[in-house]
Amino acid sequence: MSERPRLSTATLRRASANVALPSYDRTDLVPGIVHFGPGAFHRAHQAAYVDAILADDPRWAISAVALNSTDVADALTPQDGLYTLALLGEDTRYRVIGAISEFLTRCDGDAIANRLAAPSTRLVTATVTEKGYCLTAEGGLDVDHPAIRNDLSGAGPTSLIGRLVDGLSRRRAANAGGLTILSCDNLAANGERLARAVGDFATIAEPDLARWIADTVRFPSSMVDSITPATDDALRTRVAAATGLDDAWPIQRETFTQWVIEDDFHGQAPPFASAGAQIVASVAAFEDAKLRLLNGAHSSLAYIGLLLGHETVADAMADEDLAGFVERIMREDIAPSLNPTAGLDVPRYIDAILARFRNSAVRHLLSQIAWDGSQKLPFRLIATIADARTADRPVDRLAIPIAAWCRFLALPRPPAPPLVDPLSATLRPLADDVNALIQRSGVFPDRLARDVVFRGAVAQAHAKMDDERAVRAIL
Ligand code: CS2
Numbered sequence: 046m047s048e049r050p051r052l053s054t055a056t057l058r059r060a061s062a063n064v065a066l067p068s069y070d071r072t073d074l075v076p077g078i079v080h081f082g083p084g085a086f087h088r089a090h091q092a093a094y095v096d097a098i099l100a101d102d103p104r105w106a107i108s109a110v111a112l113n114s115t116d117v118a119d120a121l122t123p124q125d126g127l128y129t130l131a132l133l134g135e136d137t138r139y140r141v142i143g144a145i146s147e148f149l150t151r152c153d154g155d156a157i158a159n160r161l162a163a164p165s166t167r168l169v170t171a172t173v174t175e176k177g178y179c180l181t182a183e184g185g186l187d188v189d190h191p192a193i194r195n196d197l198s199g200a201g202p203t204s205l206i207g208r209l210v211d212g213l214s215r216r217r218a219a220n221a222g223g224l225t226i227l228s229c230d231n232l233a234a235n236g237e238r239l240a241r242a243v244g245d246f247a248t249i250a251e252p253d254l255a256r257w258i259a260d261t262v263r264f265p266s267s268m269v270d271s272i273t274p275a276t277d278d279a280l281r282t283r284v285a286a287a288t289g290l291d292d293a294w295p296i297q298r299e300t301f302t303q304w305v306i307e308d309d310f311h312g313q314a315p316p317f318a319s320a321g322a323q324i325v326a327s328v329a330a331f332e333d334a335k336l337r338l339l340n341g342a343h344s345s346l347a348y349i350g351l352l353l354g355h356e357t358v359a360d361a362m363a364d365e366d367l368a369g370f371v372e373r374i375m376r377e378d379i380a381p382s383l384n385p386t387a388g389l390d391v392p393r394y395i396d397a398i399l400a401r402f403r404n405s406a407v408r409h410l411l412s413q414i415a416w417d418g419s420q421k422l423p424f425r426l427i428a429t430i431a432d433a434r435t436a437d438r439p440v441d442r443l444a445i446p447i448a449a450w451c452r453f454l455a456l457p458r459p460p461a462p463p464l465v466d467p468l469s470a471t472l473r474p475l476a477d478d479v480n481a482l483i484q485r486s487g488v489f490p491d492r493l494a495r496d497v498v499f500r501g502a503v504a505q506a507h508a509k510m511d512d513e514r515a516v517r518a519i520l
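In the working numbering, each residue's number is its place in the sequence shown (first place is 1) plus 45.
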């Protein structure tokens, strides 16, 4: 057993001198934000921005709602919600984040609805990953999704959408006024999609409420970016050695961070700009560039890299064949799909992303990025392919990561990493036949599923991926 004290309010003063600590008095905190999904990304990204504004206004603390597992609450409640953020670099820096003032879990249904209804709550944020939105391929609420069916049956809400509508209903009854609900997930037009899902649900469950929501609740979109590898024991050991305190669940991320938020708030917005966020009239161009270039390249590296036996993004980038392929797909296939009016210097943006991927201080597992391909690929690569077909640009190179995904699905496991995907039961039987996967998985929009040019390009790439040498040869 370690002799070190565990991180908590009482032990904070014993942290090593080089650790940055909350600069505000945590006893003053009032939760003004309800956040759904306090996983690693939220704790590395939005919570760090909130941490930076609490000294100016302690009424923006976070009430963190974990919808599924109670793991985070179990680990951090004994630490009074405190955790360490490691900012990875040649000289890794450590910062204790104090922005989360309470945890609620799926057992606290009433408390969650009350928080959403409280006048002190002015902002709701969410990082529930793509699958947490329960959307159909066409973008509306999937009313056949088991969680949505359950929530519409009145059995008590379980999904993000069900919980939001439940809380908004209570807020309206309490006359607590409007609210801003801000999606922080990697979905194109994330605010619009969330608004539509909440609106669709409310229209079925409580039509009057749907009208109230449309009039009083704002759903700005936002683009979020910071590479956040999952926590492992090596991080726990490094954090304990560097801070002098044991932390059950520290978080690590690269130093780069970006948050672009659409300026569409109900009432007062938190002063996130003072913490480095960009508040802009429209985030669409930022979202497209980030999802298609960074996340599209990430998923390409993951599926092709795993077939080539690589473990991390930095390993995959050290493979010149693969790094060259990814750079070409970004510059020659993805960049032409972006809206040129965005005011973004695309070549420099690509340079910066490639440099971030090469950062060997960040040990980002390809298997982590490979999760949930059915939910991620539509935003990351499939939309780019659909645009390329409309504009009559070639799709042969873009077809290669799709074919690699298909090969990845069919790998024997073990030794391949487990298949983590909400559609795994549908995908596995289709993975031996790339045409069946494209036509019957529900992942590809009808237009592409019927498109013989696209299907032919994927089938051709797929046929040439029998072993590592063959995969390398088509890059
Ligand atoms: C990654 C993202 O795991 C993944 O799928 O592509 O989490 C990526 O690291 C972030 O979006 C970077 O902002």
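Beta carbons are placed, not taken as given, at the ideal position from N, Cα and C, and that holds for glycine.
Based on Cα-Cα distance, which residue from the options lies nearest to residue i?
i: Leu339; options: Ile398, Ala250, Asp308; result: Ile398
i: Leu66; options: Tyr139, Asp511, Ile445, Arg442; result: Tyr139
i: Asp441; options: Thr435, Ile258, Ile430; result: Ile430
i: Asn384; options: Asp432, His311, Phe424; result: Asp432
i: Met362; options: Phe331, Ala326, Ala400; result: Ala400
i: Leu351; options: Leu389, Asp155, Leu456; result: Leu456
i: Arg58; options: Ile272, Ala444, Thr288, Asn231; result: Thr288
i: Leu411; options: Leu121, Thr122, Pro274; result: Pro274
i: Phe86; options: Ala218, Asp491, Met268; result: Met268
i: Glu365; options: Arg376, Arg238, Leu346; result: Leu346
i: Leu422; options: Thr166, Thr129, Thr115, Asn231; result: Asn231
i: Ala20; options: Val75, Val516, Gly184, Gly126; result: No answer is possible for residue 20: it lies beyond the span of the chain, which begins at 46 and ends at 520.
i: Asp125; options: Ala293, Arg215, Leu133; result: Ala293
i: Ile272; options: Pro439, Pro463, Gly134; result: Gly134
i: Asp277; options: Ala250, His409, Pro446; result: His409
i: Tyr128; options: Leu149, Pro459, Leu52; result: Leu52
i: Leu254; options: Ala234, Cys179, Asn235, Asn220; result: Asn220
i: Ala144; options: Ile98, Ala508, Ala158, Asp437; result: Ile98
i: Ala334; options: Val305, Leu353, Pro490, Phe317; result: Val305
i: Gly212; options: Ser61, Val262, Gly184, Leu186; result: Val262
Note down the Cα distance separating residue i from residue j, rounded to an integer number of angstroms.
i: Glu175; j: Ala242; result: 13 Å
i: Leu493; j: Arg500; result: 8 Å
i: Asp70; j: Ala106; result: 12 Å
i: Tyr348; j: Ala415; result: 7 Å
i: Ile142; j: Arg452; result: 41 Å
i: Gly487; j: Ala182; result: 7 Å
i: Gly201; j: Ile226; result: 21 Å
i: Met46; j: Val64; result: In this predicted model, Met46 has a pLDDT of only 48, less than 50, meaning its place in the structure is not dependable enough to derive any value.
i: Val117; j: Leu426; result: 32 Å
i: Val449; j: Ala55; result: Note on identity: in this sequence residue 449 is Ala, with Val being the wrong assignment. Distance between the alpha carbons of Ala449 and Ala55: 51 Å.
i: Pro474; j: Gly244; result: 35 Å
i: Phe81; j: Ser419; result: 22 Å
i: Ala111; j: Ala120; result: 12 Å
i: Ala250; j: Leu454; result: 38 Å
i: Ile206; j: Ala233; result: 18 Å
i: Leu472; j: Asp417; result: 11 Å
i: Ala131; j: Val503; result: 40 Å
Look up residue i in the DSSP assignment and say whether it is helix, strand or coil.
i: Ser469; result: helix
i: Ala171; result: strand
i: Ser146; result: strand
i: His311; result: coil
i: Pro123; result: helix
i: Arg51; result: strand
i: Trp294; result: coil
i: Gly369; result: helix
i: Glu299; result: strand
i: Tyr69; result: coil
i: Leu464; result: coil
i: His507; result: helix
i: Phe499; result: helix
i: Thr181; result: coil
i: Leu57; result: helix
i: Phe81; result: strand
i: Ala476; result: coil
For residue i, count neighbouring C-beta atoms within 10 Å of its own C-beta (all shown protein chains included) and say buried if the count is 16 or more, exposed if not.
i: Gly321; result: exposed
i: Asp73; result: exposed
i: Pro328; result: Going by the sequence as given, residue 328 is Val instead of Pro. Buried, because 16 or more other Cβ atoms sit within 10 Å of the Cβ of Val328.
i: Cys152; result: exposed
i: Asn113; result: exposed
i: Asp101; result: exposed
i: Gln297; result: buried
i: Ser204; result: buried
i: Gln313; result: exposed
Continuous alpha helix (DSSP H) assignments of at least 4 residues falling wholly in the region 211-274: 235-250, 252-261
Uninterrupted alpha helix (DSSP H) stretches inside the region 390-459 (no shorter than 4 residues): 391-403, 411-414, 418-422, 428-435, 441-454
Any alpha helix (DSSP H) of 4 or more consecutive residues that is wholly inside the region 309-362: 329-334, 341-352
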